[in-house]
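Enquirer: Shown below is the structure under consideration.
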Amino acid sequence: MQNIEENKSLKAFNSFGFEAKARYFAAPDSDEKIMALLAYAKKHDIPVFVLGGGNNVVFAKDFDGLVLCPKMNGINIISENDNDIFIDVGAGFEWDKFVRYTSFLNYKGVCGIENLSGIPGTVGAAPVQNIGAYGMEVKDTIFTVNGIFIDDIKTFLLKNSKCEFAYRDSIFKNSLKQKTVITCVTFKLSKKHEYKLDYGNLKDELAKYDKIDLRNIRQTILDIRATKLPDPKELGNAGSFFKNPVVERTTAERLLEQFPSIPVYPADSTDASRNKVKLSAGWMIENCALKGYRQNNIGVHHKQALILVNYGGGTAQELMSFAQMAQDKVFDKFGVKIEPEVVIVN
Ligand code: EPU
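Now the structure itself:
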């Protein structure tokens, strides 16, 4: 089969920079090429793993199958009205380049994803874990997700309401986990400029500009991120390693008695209706005295305790046992289980 590489090192394809090999690797740039590759894999009984930018995965061992890295890179405005603009974006398009594009579109920019500036990864990966930051989630701008089912090699188009979006979660992490290749996402962005500035110190940081507009918001988010989050190009990491745990309100109340300063946030609407709230995993890890803690080549980042880093030369095995140690410590102290947000491939 053309365009398939064998025994490909994935070191450059995962932001932790761990060494692992894919038996086969392909980076197709069209739906037709993806379909041909899926047909080949099916015929030869080869398992398929779909990889975006590799910013949220840990390859715990070599992958004995085909790693497929979609490269479709087109952007098309498909329609617009007085309020909204609908844009198709290829799965391989770099997420942050798309955010930048939207901040200049129609001169003033179009709204909805500006707070998601600076998140590494591809457009195709964004719906999978419903990327979110600074009070915004991508689910609020996704109109449809287009893709191909790996099993029967048929195309699909899922409306937003069918994607089962929730906090860092979607149907693509559950019933459709590793069953689809997302090829293109249609976004609905707003021409009306209504900003979300209530998260953390965003408003204060914006005060240094003479006006609040999309480009200044974007720059402020990029600046805040640069002060807190390590750049994966300089220090191997996958952003937040753990999810913020969603717990019963009564659990949070019990914890608040014992730890009065523990941050408690509202959960998203489905969970909130079930009387659940969200805790800060970063705060709990920090309060287990793990912030900045390092064992050999793996550690907790010194500015953001939710991020585990590979100082260089670390292995996935070291990372996994380090993560387990952090999970155990948090559980022993707070009685709360924290779960990885990253996808572990083993
Ligand atoms: N906190 C600590 N110590 C830490 C980190 C956090 O005490 O080391 C506490 C603080 O009280 C802080 C609160 O946690 O006020 C919230 O912290 P922060 O705003 O840094 O956000 P986070 O909950 O730690 C989440 C996302 C990040 C996203 C930020 C900002 C998850 C799993 N992580 O982190 O997303 O950038 O909010 O919106 O929801 C990512 O997914 O890779 C990611 C970086």
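First residue of the sequence shown? That's 1 in my numbering, and the numbers climb one at a time after it.
Ideal Cβ placement from N, Cα and C applies to all residues, glycine included.
Since this is a predicted model, take the numbers as computed values, not measurements.
Runs of 4 residues minimum, wholly inside the stretch 108 to 170: which ones carry the alpha helix (DSSP H) assignment?
Expert: DSSP runs (the alpha helix (DSSP H)) wholly in the stretch 108 to 170: none.
Enquirer: Do the stretch 251 to 258 and the stretch 302 to 311 touch if we need at least three Cβ pairs shorter than 8 Å?
Expert: Contact between the stretch 251 to 258 and the stretch 302 to 311 is absent, because fewer than three Cβ pairs lie under 8 Å.
Enquirer: What's the C-alpha gap between F16 and N237?
Expert: Sequence index remark: in the sequence shown, residue 16 carries index 16 (1-based). Sequence index remark: in the sequence shown, residue 237 carries index 237 (1-based). The straight-line gap from Cα to Cα measures roughly 5 Å.
Enquirer: Hey, how far is the Cα of N296 from the Cα of S170?
Expert: Reading the sequence shown from its first residue, position 296 is the one you call residue 296. Reading the sequence shown from its first residue, position 170 is the one you call residue 170. If you take the alpha carbons of N296 and S170, they lie about 35 Å apart.
Enquirer: Hey, is the stretch 159 to 178 in contact with the stretch 190 to 210, meaning 3+ C-beta pairs nearer than 8 Å?
Expert: No, they do not touch.
Enquirer: Counting C-beta neighbours from all protein chains within 10 Å, is the total for D151 16 or more, i.e. buried, or is it exposed?
Expert: Position 151 of the sequence shown holds residue 151. Under this definition D151 is an exposed residue.
Enquirer: In angstroms with no decimal places, state the Cα-to-Cα distance between T141 and K188.
Expert: For the purposes of this step, residue 141 is taken as residue 141 along the sequence shown, with counting starting at 1. For the purposes of this step, residue 188 is taken as residue 188 along the sequence shown, with counting starting at 1. Cα-Cα distance, rounded: 5 Å.
Enquirer: Below 7 Å, is the gap between the Cβ of E286 and the nearest heavy atom of the ligand EPU?
Expert: Counted from its first residue, the sequence shown places residue 286 at position 286. Yes; taking the cut-off as 7 Å, the Cβ of E286 has a heavy atom of the ligand EPU nearer than that.
Enquirer: Under the rule that 16 or more other beta-carbon atoms within 10 Å means buried, what is H301, buried or exposed?
Expert: As a first step, residue 301 must be located in the sequence shown, where it is residue number 301. With 16 or more Cβ atoms within 10 Å of its Cβ, H301 is classed as buried.
Enquirer: Give every residue of the same chain whose Cβ lies closer than 6 Å to the Cβ of L319, excluding the five residues on either side of it in the sequence, and list them in chain order.
Expert: For this step, residue 319 is matched to residue 319 along the sequence shown. Same-chain partners within the cutoff: I298.
Enquirer: Going by the beta-carbon positions, is the gap between W95 and A133 smaller than 8 Å?
Expert: Taking the sequence shown and counting its residues from 1, the one referred to as residue 95 is at position 95. Taking the sequence shown and counting its residues from 1, the one referred to as residue 133 is at position 133. Contact flag unset, no.
Enquirer: Would you check if the stretch 67 to 75 and the stretch 48 to 59 touch, i.e. whether three or more CB-CB distances between them fall below 8 Å?
Expert: Judged by Cβ distances under 8 Å, the stretch 48 to 59 makes contact with the stretch 67 to 75, as three or more pairs qualify.
Enquirer: Cβ of R168 within 7 Å of any heavy atom in the ligand EPU?
Expert: Working through the sequence shown from its first residue, we reach residue 168 at position 168. The answer is yes for R168.
Enquirer: Quick one: measure Cβ to Cβ for V277 and Y293, integer angstroms, because I've assumed they're closer than 8 Å.
Expert: Start at 1 with the first residue of the sequence shown, and residue 277 comes out as number 277. Start at 1 with the first residue of the sequence shown, and residue 293 comes out as number 293. Actually they are not in contact, since the Cβ atoms of V277 and Y293 sit about 27 Å apart, beyond 8 Å.
Enquirer: Tell me the residue span of the alpha helix (DSSP H) that contains T183.
Expert: For the purposes of this step, residue 183 is taken as residue 183 along the sequence shown, with counting starting at 1. Run containing T183: none in the alpha helix (DSSP H); it sits in the beta strand (DSSP E), T180 to S190.
Enquirer: Can you tell me where the beta strand (DSSP E) with S240 in it begins and where it stops?
Expert: Here residue 240 refers to the residue found at position 240 when the sequence shown is read from its first residue. G236 to S240 is the extent of the beta strand (DSSP E) around S240.
Enquirer: State the beta-bridge partners of Y24 as determined by DSSP.
Expert: Sequence index remark: in the sequence shown, residue 24 carries index 24 (1-based). Paired residues: E6 and L66.
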